[in-house]
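See structure below.
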Amino acid sequence: MVHRTIAAPSKVPPLHPTIEIIGAFAALITTLGWIPQVAKVARERRAGDISLFATGSIATGVFLWTLYGLLIGSWPVILANGVTFLFVIAILGMKLRFG
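With the first letter of the sequence shown counted as 1, position 75 gets the number 75 in the UniProt record's numbering; the numbers rise by one all the way through.
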C-alpha cells in the first residue's frame, strides 16, 4: 500500500512586482465581483434567475483552485479562491432556499 502525503511547496523564484500586482488586481476584482450578486439575492430573497448548474460548477471550480493553492502553498490562490468559494456557496445556499 502506498501512502501519499502533501509535499512541502517547492521554492519558486519570486515574480516581477508588476506581475504580482496584475495577479492581485485580477484576484481582487473576480473575488469582490460576487458581493453585488450575494447582496441582491439576500435582499430580494429570490434566486429564480440563477442557474443551479452554473453556480454549482463555479463552486466546484473555485474549491478545486483553493485545493490547488493549498497543494502548491500559494496564499494568493488560496485566499482569492477561498473567499470566492464562500460567496458562491452563499449564493448556492440562497438559490436552494429561495428558489
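Backbone N, C-alpha and C fix where the C-beta goes; we use that ideal spot for every residue, glycine too. No experiment lies behind these values; they were computed from the predicted model shown.
Would you kindly report the start and end of the unbroken alpha helix (DSSP H) that includes residue i?
i, result
"I50", "Taken as a continuous stretch (DSSP letters only), I50 belongs to no alpha helix (DSSP H), as it is neither H nor E."
"A23", "Checking the displayed sequence, the identity of residue 23 turns out to be Gly instead of Ala. Residues 17-32."
"G82", "75-98"
"R43", "35-44"
For residue i, count neighbouring Cβ atoms within 10 angstroms of its own Cβ and tell me buried if that reaches 16, exposed if not.
i, result
"A47", "buried"
"W34", "buried"
"T18", "exposed"
"G56", "exposed"
"G69", "buried"
"T31", "buried"
Using 8 angstroms for Cβ pairs, my map puts residue i next to residue j. What's the rounded Cβ distance?
i, j, result
"residue 113", "I91", "Because the chain in this structure spans residues 1 to 99, residue 113 falls outside the shown range and cannot be described."
"K95", "I50", "5 angstroms"
"F85", "T66", "6 angstroms"
Taking only the alpha-carbon atoms, compute the straight-line gap between residue i and residue j and give it to the nearest angstrom.
i, j, result
"K40", "G23", "27 angstroms"
"A54", "A27", "20 angstroms"
"R45", "F98", "6 angstroms"
"L15", "I78", "17 angstroms"
"P20", "R43", "For clarity, residue 20 is Glu in the given sequence; the question names Pro instead. Near 35 angstroms, if we compare the C-alpha coordinates of R43 and E20."
"W75", "G93", "26 angstroms"
"T60", "I29", "19 angstroms"
"P36", "F25", "18 angstroms"
From the options, pick the residue whose C-alpha is nearest to that of residue i; which is it?
i, options, result
"V83", "F25, R43, L52, V62", "V62"
"L64", "E20, N81, R43, I89", "N81"
"I89", "P13, W75, L52, F25", "L52"
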